[in-house]
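Going by my numbering, the sequence shown opens with residue 79, and the numbers climb by one from there.
One structure is given below, encoded as structure tokens.
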Amino acid sequence: MCKLHTYMFVAFVIVLCIFIVDNTQAKIADDTDVYTNTAERKQQEAEFSALFTPKRQGRIHVGVAANFAKPLASITQAFTKITGVDVVTTVSSSGTLFAQILHGATFDVFLSADVNRPNALIDKGVIHAGNVVNYAEGELVYIYRRRDHMNDDMQSPEDVLRSTLDALVQQQGKVAIANPKLAPYGLAAKQTLENLSLWHNSATSPSRVTGKNVLQTLQFFTTGSASSAFIAKSVLPGLEQQLETAYSVVSVPVDFYSPIMQGLSVNRKQPAVLTPNWFNENSGDNTIAITSEVDNASLFVQFILSDFMQCALPKWGYKPAMAVRNTMHENGDAVPEKVSC
Numbered sequence: 079m080c081k082l083h084t085y086m087f088v089a090f091v092i093v094l095c096i097f098i099v100d101n102t103q104a105k106i107a108d109d110t111d112v113y114t115n116t117a118e119r120k121q122q123e124a125e126f127s128a129l130f131t132p133k134r135q136g137r138i139h140v141g142v143a144a145n146f147a148k149p150l151a152s153i154t155q156a157f158t159k160i161t162g163v164d165v166v167t168t169v170s171s172s173g174t175l176f177a178q179i180l181h182g183a184t185f186d187v188f189l190s191a192d193v194n195r196p197n198a199l200i201d202k203g204v205i206h207a208g209n210v211v212n213y214a215e216g217e218l219v220y221i222y223r224r225r226d227h228m229n230d231d232m233q234s235p236e237d238v239l240r241s242t243l244d245a246l247v248q249q250q251g252k253v254a255i256a257n258p259k260l261a262p263y264g265l266a267a268k269q270t271l272e273n274l275s276l277w278h279n280s281a282t283s284p285s286r287v288t289g290k291n292v293l294q295t296l297q298f299f300t301t302g303s304a305s306s307a308f309i310a311k312s313v314l315p316g317l318e319q320q321l322e323t324a325y326s327v328v329s330v331p332v333d334f335y336s337p338i339m340q341g342l343s344v345n346r347k348q349p350a351v352l353t354p355n356w357f358n359e360n361s362g363d364n365t366i367a368i369t370s371e372v373d374n375a376s377l378f379v380q381f382i383l384s385d386f387m388q389c390a391l392p393k394w395g396y397k398p399a400m401a402v403r404n405t406m407h408e409n410g411d412a413v414p415e416k417v418s419c
């Protein structure tokens, strides 16, 4: 099979697998589903699996920041279908996962919500200096109950933030944020409140309830423990019905907080094999015959950095990051190149 045909085949595999996983997750979140019954869904999944024969076995363990848990569920499902490698995930805040790694947790890959913690693993001598790469750029959003504020359509995002937060102070309501010390999205929320002069002054600042991560922060909002919340855009899927009837969301202006560039690490002292990217460069057949020179953890990272996955990130609330592509300097070093979707 020619390279172009294989490129199209892998793209089809990834898109179809994401479709299956996303709709399976939608079934969990909402009783409505594109499948009329379980038998039909299982039949389609079986047909999908029969498209190729995975060439690998084994298992890797991945620690993932809570904001990226939903996308990772789709990504790992597709990766396992294509390669045969099982992925076990642990979801927590970036700070908690980082501490666990320092205390001996055996995550093959660490997907953080920032770049500082993966780089800190290099500084502490835990991993090889070349085993950290950016994989996504996140976005902070503010969610609040529409019934409390009905005249927001014509306001700017900054005006919406100010008016709703001022109303919280008057009503003695609470805003939920993730712990700034553990979660980068919590730090971004703190920076936003500081820019609005609503962090330090208790008399004019809304009361805060703090979650361990963005998922718990969202839970505080949906259960009524908080009247509004700063969360990652990526955790909004599953709230479509509420967003039509009860909730409103506004994107926080990007100049209110530092860019949320998310980095990952391959957690070992030997260099990871991140180039060339097999999923971008492969010209094999539809059995996905993957070279044995690339270990499972490196292959998983290649999958996340592949053009297909990077271009899928916007549907989950992220921008593509600077991915390592198969473009090399004369001295053999990889040239970072922005993915063009």
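We put the CB at the ideal spot given by N, CA and C, even for glycine.
Since the model is a prediction, treat every value here as computed from it, not as a measurement.
Nearest-angstrom Cα separation, counted from residue j out to residue i
i	j	result
L296	A254	8 Å
Q155	N257	30 Å
F298	V292	10 Å
A245	Y263	23 Å
N279	K202	37 Å
F207	A198	Strictly speaking, residue 207 in this sequence is Ala, with Phe absent from that position. Answer to the nearest angstrom: the Cα atoms are 10 Å apart.
P235	V328	6 Å
Y335	R240	15 Å
A233	G289	Note on residue identity: the sequence assigns Gln, not Ala, to residue 233. Answer to the nearest angstrom: the Cα atoms are 29 Å apart.
D111	L317	Here D111 scores only 34 on pLDDT, less than 50, and its place in the model should not be relied on; the value that follows carries that caveat. So the two alpha carbons sit approximately 15 Å from each other.
S171	T323	30 Å
N358	F386	8 Å
Q294	T300	10 Å
N273	T282	14 Å
V140	F146	12 Å
T270	S370	47 Å
Q319	G182	42 Å
N194	Q250	35 Å
I200	Q178	15 Å
W277	K268	7 Å
S306	K252	7 Å
T184	A191	19 Å
R159	M339	Per the sequence shown, the amino acid found at residue 159 is Lys instead of Arg. Cα to Cα, the separation comes out at about 28 Å.
P196	C419	26 Å
L321	Q348	46 Å
Environment of residue i [buried if 16+ CB atoms lie within 10 Å]
i	result
R403	Confidence at R403 is low in this model, with a pLDDT of 46, below 50, so its placement is unreliable and the value that follows should be read with caution. R403 comes out buried.
D186	buried
T114	With a pLDDT of 38 at T114, under the threshold of 50, the modelled position of this residue cannot be trusted; read the value that follows with caution. It counts as exposed.
A375	buried
K393	exposed
D237	exposed
D388	The sequence shown places Gln at residue 388, not Asp. With 16 or more other Cβ atoms within 10 Å, it is buried.
T242	buried
R137	exposed
P337	exposed
S275	exposed
L150	buried
L391	buried
G395	buried
C-beta contact flag for residue i and residue j at 8 Å
i	j	result
V211	G341	yes
P284	V330	no
L260	T174	yes
T161	R134	yes
Y222	L189	no
W429	V344	This structure leaves residue 429 out entirely; the chain is present only between 79 and 419.
A304	V287	yes
V165	F176	no
R224	S384	no
R346	I153	no
Expected contact under 8 Å - CB spacing of residue i and residue j to nearest Å
i	j	result
K148	P315	6 Å
A144	V163	Actually they are not in contact, since the Cβ atoms of A144 and V163 sit about 23 Å apart, beyond 8 Å.
- Item | the segment 212-220 in contact with the segment 303-313 per 3-pair CB rule at 8 Å | yes
- Taking contact to mean at least 3 C-beta pairs separated by less than 8 Å, is the segment 377-396 in contact with the segment 343-359? yes
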